[in-house]
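Student: Using full-length UniProt numbering, you'd call the opening residue of the sequence shown number 1 and step up by one each time. Note that the Cβ used here is the ideal one computed from N, Cα and C, for glycine as well. Shown below is the structure under consideration.
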Amino acid sequence: MDDGTDRAICEGDMVLVDTSITSVQPGKLYVLEILGDGYTIKQARKLNGEWVWLPFNPEHPALHPKEVRIVGQVYKVLRAGDV
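This is the structure we're talking about:
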């Protein structure tokens, strides 16, 4: 399946999220609620035996599981020009 996540999500792209999937799978993208500070999309990775949430943009920090609530797993990114 082409999940459309082969590059960063850009302004104008539409993200489809399955809110029934909240278990973490490495390499998958998730919509996360940063507790008390809005929402973000990050990729799940296991580093040194711990889960971390990595951004596409290296200027943004990685997040740790205690800082977020998983809203759901991204299953499709529709590019702005394709919708």
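With DSSP as the reference, label E67 as helix, strand or coil.
Tutor: helix
Student: Using 10 angstroms around the beta-carbon of Y30, count the other beta-carbons present and answer buried if the total reaches 16, otherwise exposed.
Tutor: buried
Student: From the DSSP secondary-structure annotation, give me the bridge partner or partners of T40.
Tutor: L32
Student: Quickly, what does DSSP pair P52 with across the bridge? List them, please.
Tutor: In the sequence as displayed, the identity of residue 52 is Val instead of Pro. In DSSP, V52 forms a bridge with R45.
Student: Pairs of beta-carbons, one from the region 66-79 and one from the region 16-32, closer than 8 Å: are there three or more?
Tutor: yes
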